[in-house]
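Here is the structure we will look at, set down as structure tokens.
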């Protein structure tokens, strides 16, 4: 089945630092790729997505590019804020199962002022 | 518009009791999903509905777990004879259709089995 390897945290950064969270996936077929974010005490929110190779998803200053050749979907942000402190999940959808999200273990990001 | 809603937000129960968790999907979404989030297992898929049918129940951990969906809308996840290992956050999501469509999640129900 599909699987995801996500950069292990926790990641601690100072405000305005550059963020990269690595994500690689294994999937048959041609999955869509998602990043979800979970703020403390809340449910999962969609952060961004990409549905085909070389697409770039972006939202709230975050970006990720669908790299089919390296099966990767790394999350980046140029300047993080304290309010970005959360757990980030990478998830392919499709491939072996076109309706079942396969989540990575999540990366806890803490941004200090 | 309204998002996915779940109730209750928190549930504490005693081992051996039955619990029902409810999910109201986004209006017009035909597909509905249940996931479970626990410390040991991370986020795992439980079941998927297309309309009122459940083509994939493969993620349900045991026969104590069941789910139904009525009217193509509300879904109920039932756990019978709860065990301590059932303690987790149960997340519901819905999507416009089932095929690689974006899934929108509710806030979850936090279940604690004592």
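Protein chains in written order, with this note's numbering: chain R, 371 to 483; chain X, -12 to 101.
Backbone N, C-alpha and C fix where the C-beta goes; we use that ideal spot for every residue, glycine too.
For the segment 411 to 423 of chain R, which residues have a beta carbon sitting closer than 8 Å to at least one beta carbon of chain X? 412, 413, 414, 415, 416, 419 and 421
For a contact meaning CB atoms closer than 7 Å, what does residue 89 of chain X contact in chain R? 416 and 419
Quick one: what's residue 487 of chain R bridged to in DSSP? With chain R covering only 371 through 483, there is no way to say anything about residue 487 of chain R.
Partner residues on chain R for residue 35 of chain X, Cβ-Cβ distance less than 8 Å: 469 and 470
If you count every other CB in all the chains shown that lies within 10 Å of the CB of residue 483 of chain R, and 16 or more means buried, which is it? exposed
Could you work out which residues of chain R lie near residue 94 of chain X, taking near to mean beta carbons separated by less than 7 Å? 412 and 413
At a CB distance below 9 Å, what residues from the segment 14 to 34 of chain X approach chain R? Give them in sequence order. 18, 20, 22, 24, 29, 30, 31 and 32
For the segment -5 to 15 of chain X, which residues have a beta carbon sitting closer than 7 Å to at least one beta carbon of chain R? none
Under 7 Å between beta-carbons, which chain R residues line up against residue 85 of chain X? List them in chain order, please. 469
Under the three-state DSSP convention, the category residue 24 of chain X falls into: strand
Closest to residue 485 of chain R by C-alpha separation, out of R:374, R:400, R:402 and R:398, would be which residue? Because chain R is modelled from 371 through 483, residue 485 of chain R falls outside the range shown and cannot be assessed.
Which runs of the alpha helix (DSSP H) spanning at least 4 residues fall entirely within the segment 438 to 471 of chain R, listed in chain order? none
Are residue 484 of chain R and residue 481 of chain R touching if we call contact CB-CB under 7 Å? The shown model of chain R, from 371 to 483, leaves out residue 484 of chain R, and the question about it has no answer.
According to DSSP, simplified to helix, strand and coil, what is residue 71 of chain X? helix
Quick one: Cα of residue 70 of chain X to Cα of residue 423 of chain R, how far? 44 Å
According to DSSP, is residue 13 of chain X part of a helix, a strand, or is it coil? coil
Which residue from X:2, X:74 and X:33 puts its Cα closest to that of residue 54 of chain X? X:33
Residue 456 of chain R and residue 407 of chain R: beta carbons closer than 7 Å? yes
Given residue 398 of chain R as reference, the closest of R:463, R:418 and R:477 once Cα atoms are compared: R:463
In chain R, what lies closer than 8 Å to residue 99 of chain X by C-beta? Chain R residues near residue 99 of chain X: none, gap ~15 Å exceeds 8 Å.
State yes or no: is the beta carbon of residue 473 of chain R nearer than 7 Å to at least one beta carbon in chain X? yes
Contact between the segment 53 to 68 of chain X and the segment 13 to 28 of chain X: three or more CB pairs below 8 Å? yes
Express the C-alpha separation of residue 77 of chain X and residue 36 of chain X in angstroms, rounding to a whole number. 16 Å
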